[in-house]
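K.L.:
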Amino acid sequence: MEETPAGNISIHVGQNSDAATIDGPVEIDLTNYASGYSGFIKYQRLLFIAQRCPALKNKALNLAHDYIKAQTLDITSYEHIFGVLKNPEDLGAGDNPIGLEQLNRCNSDLRSDSDHPPAQSSSMDVDHAQPGEDETGLVYDPNWVEKTCSRVMRHREELETELKNYKANSIKECIRKGYIELGDFCLKIGELGNALKYYTRSRDYCTSRQQDLKSCLSIIKVAVYQGAWSHVSAYVTLAENICESQENESMPKDTGSQCLGSHSAWSGNFDASSRNVDLRPVSEVARTELAIAAGLAKLISSSFHEAATHFLQANCEPDDSNSEKAAPLVTASDLAFYVTLCSLAAFDRTELRSRVLNSPSFRLVLESEVHCRDLLMAFHSADYANCLNSLAKVKNLLKLDIFLADRVNSLYEQIRVKALCQYFTPYISADLNMMAAAFGTTVTDLENELAILIQKGCIKGRIDSHKQLLCALSVDQRCQTFATALQLIDECHRRCQAAILRSNLMRHGYMRGWSLLWQYDHRFEYPGLMVSKAGNT
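In the numbering used here, the protein residues as written are 159 to 695.
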């Protein structure tokens, strides 16, 4: 998997057959779906849906247009919407939701050495949309673009001037705050490259671990938007180390007071007991965000077992998506589907029961997402036909998720393969007719699937087409025991030869750091050794 330069979101990278247009029906309340998200990810998800699903294109573009105009200063994405309406091919499958103009502009900003990038301009390389109404009912507003551009230029100059003054006065805390404000501002106008740059520089002026943790979380969020997954993994590790150090310091070792910074979440004097009460919840929230980011990085790299492990560490309440603070990346519903699919594809039945179905923290999320719970229960109880049919019904819906879309086919394939293997495991022979009925397919198609799995070594058996049976390969335990014993003998012989060779090398002084020590220990056994070597040492 390759990563794109910093500039805009690029979750779906590399050559992947999943990046296809969704032509089938999709049952989704787009307005309710979009209400669960906030910030940059909200309209990027809507633009992604418009890209993948023609049936929802107009609705998604309308919602994205209204949110961008009301809550952001992202002129590039606003004009991109009308550019797409004018040239629908600009929203082709596999392309990034945002136009290439923003990517090129942000990349050039990252390559420049200037601390203060030029103000955003509304004169893009794309053709400007003209005022008027189209099939979606959207009307291009040149006045909003002009006013927003002026507002962006003015606010950027103010923030840059403040930062210069802070640097001139060498006020470390204010410099950090200035970089954070510039990063937030660049994120609001869609300049991800500059936002990442400012957030990264703010870490140089952090005076507490809490401030450093907040900067790392901001960097991780922007890196996820960019699709810079190696960057995400690196900063997740760094932030986890900060959390551990912070939690160790929060233990009630003394009763003294401590100040964590003038602008940190906890400022002023407080004792150790109050510090425990305040610090723990914030640390749990941070760990949840880190677990989600790490899980997304593993999901994109198709490491489904590790992805499920990380997602299960996220302590996400089922009603988070309905709260006033909407999710900046994924909702509790998204997390439930991520865990369900990844665990079905990667966990065995024991892990599925102990780590997912019996998980105290994840059980609440499953209870709010009944569909996911039913899928897990059906698979665990070997009701594979019902499980696979239910998965087929939500396949198009899952392909609308910006993080999951390009992994849906791969996940579904692994889940089906695992179901076939688990079905046959307890049997010496299985009737293909009964097996086909259990998986809702024909005997011919099932034979083709099983033949491929046998060739790959997933199933150790053979197909009797005449009797329509799948028979397990019989293994002679006596021969297997002899073969294992011979392997152990060969391994012991190899280890003995290696030990003798190492001993001879040490005896003759050919091992660095061991020759003098060995000679001294064996000076009575080989009296001439130290004498012969004395002239050389």
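C-beta atoms are modelled at their ideal positions from N, C-alpha and C, and glycine is treated no differently.
Between G341 and S366, which are expected to be in contact by the criterion C-beta below 8 Å, what is the C-beta distance as a whole number of angstroms?
P.N.:
So it is not a contact: roughly 18 Å between Cβ atoms.
K.L.:
Residues in its own chain within less than 6 Å of Y337 by CB, not counting five upstream and five downstream?
P.N.:
Y356, R359 and S360
K.L.:
Measure the C-alpha to C-alpha separation of S116 and L457 and round it to an integer number of angstroms.
P.N.:
For residue 116 there is no data in the structure shown, the boundaries of the chain being 159 and 695.
K.L.:
So V497 packs on F520, CB below 8 Å; how close in whole Å?
P.N.:
7 Å
K.L.:
Are I573 and L549 closer than 8 Å when you measure CB to CB?
P.N.:
yes
K.L.:
Can you give me the C-alpha to C-alpha distance between I378 and E442, rounded to a whole angstrom?
P.N.:
17 Å
K.L.:
What first and last residue would you give for the beta strand (DSSP E) that runs through I617?
P.N.:
Unbroken run through I617: none, as it is neither H nor E.
K.L.:
I'd like the span of the beta strand (DSSP E) that includes S587, first residue to last.
P.N.:
S587 to D589
K.L.:
CA-CA distance, A287 and C374?
P.N.:
Residue confidence is low: A287 scores 41 on pLDDT, short of 50, so the model does not pin down where it sits. Its coordinate-derived value is still stated next. In a straight line, the C-alpha of A287 is about 39 Å away from that of C374.
K.L.:
Measuring CA to CA, which of M592, G453, Q368 and L296 is closest to E237?
P.N.:
L296
K.L.:
Can you find at least 3 beta carbon pairs, one from the segment 507-515 and one from the segment 533-540, that sit closer than 8 Å?
P.N.:
Yes, the segment 507-515 is in contact with the segment 533-540.
K.L.:
For A381, which residues in the same chain have their Cβ closer than 6 Å to its Cβ, ignoring the five residues on either side in sequence?
P.N.:
The residues are H389 and V390.
K.L.:
Counting pairs of beta carbons, one from the segment 656-672 and one from the segment 613-621, are three or more of them closer than 8 Å?
P.N.:
no
K.L.:
Thinking C-alpha only, which one of E398, N591 and Q580 is nearest L611?
P.N.:
Q580
K.L.:
Tell me which residue opens and which closes the alpha helix (DSSP H) that L698 is part of.
P.N.:
With the chain represented from 159 up to 695, any question about residue 698 goes unanswered, as that position is not in the structure.
K.L.:
Applying the criterion that 16 or more other CB atoms from any shown protein chain within 10 Å of the CB defines a buried residue, is N434 buried or exposed?
P.N.:
Residue placement at N434 is poorly supported in this model, since its pLDDT is 38, which falls under 50; the coordinates are not used for a value here.
K.L.:
Quick check on this structure: which residue in I207, A449, N406 and G197 has the alpha carbon closest to the alpha carbon of I347?
P.N.:
G197
K.L.:
My parser needs the beta strand (DSSP E) runs of 3 or more residues fully inside the segment 560-589; what are they?
P.N.:
587-589
K.L.:
Y201 by DSSP, collapsed to three states: which one?
P.N.:
DSSP places Y201 in the helix class (H, G or I) of the three-state scheme.
K.L.:
Are the Cβ atoms of L569 and L590 separated by less than 8 Å?
P.N.:
no
K.L.:
Only counting the same chain, and skipping five residues up and downstream in sequence, which positions put a Cβ closer than 6 Å to that of C500?
P.N.:
Once the five neighbours on either side are set aside, the close Cβ partners of C500 are F462, A465 and A466.
K.L.:
Helix, strand or coil: which one does DSSP assign to Y668?
P.N.:
It is coil, neither helix nor strand.
K.L.:
Excluding sequence positions up to five away, which residues of its chain have a Cβ less than 6 Å from the Cβ of C417?
P.N.:
Any reading at C417 must be qualified, since the residue scores a pLDDT of 35, below 50, and its modelled position is unreliable; the value itself is stated next. If we look at C417 and ignore the five residues flanking it on each side, it has no Cβ neighbours.
K.L.:
From which residue to which residue does the beta strand (DSSP E) around C629 run?
P.N.:
L627 to A630
K.L.:
Please identify the residue among S459, C474, A452 and S460 whose C-alpha is closest to the C-alpha of H468.
P.N.:
Measuring from the Cα of H468, the nearest candidate turns out to be A452.
K.L.:
What separation, rounded to the nearest whole angstrom, lies between the Cα atoms of K325 and E339?
P.N.:
15 Å
K.L.:
Spatial neighbours of I226 within its chain, please: CB distance less than 6 Å, with the 5 preceding and 5 following residues excluded, ordered by chain position.
P.N.:
Y201, D232, S235 and Y236
K.L.:
Between I180 and C211, which are expected to be in contact by the criterion C-beta below 8 Å, what is the C-beta distance as a whole number of angstroms?
P.N.:
5 Å
K.L.:
Is A485 helix, strand or coil when you go by DSSP?
P.N.:
strand
K.L.:
Considering just the uninterrupted stretch of the alpha helix (DSSP H) at E525, what are its terminal residues?
P.N.:
P518 to S526
K.L.:
Does Q655 come out as helix, strand or coil in the three-state DSSP assignment?
P.N.:
In the structure shown, Q655 sits in a helix (DSSP, three-state: H, G or I).
K.L.:
Could you tell me the alpha carbon to alpha carbon distance between I450 and N406, rounded to whole angstroms?
P.N.:
23 Å
K.L.:
Kindly indicate which residue of S459, K576, I186 and K553 has the alpha-carbon position closest to the one of F505.
P.N.:
K576
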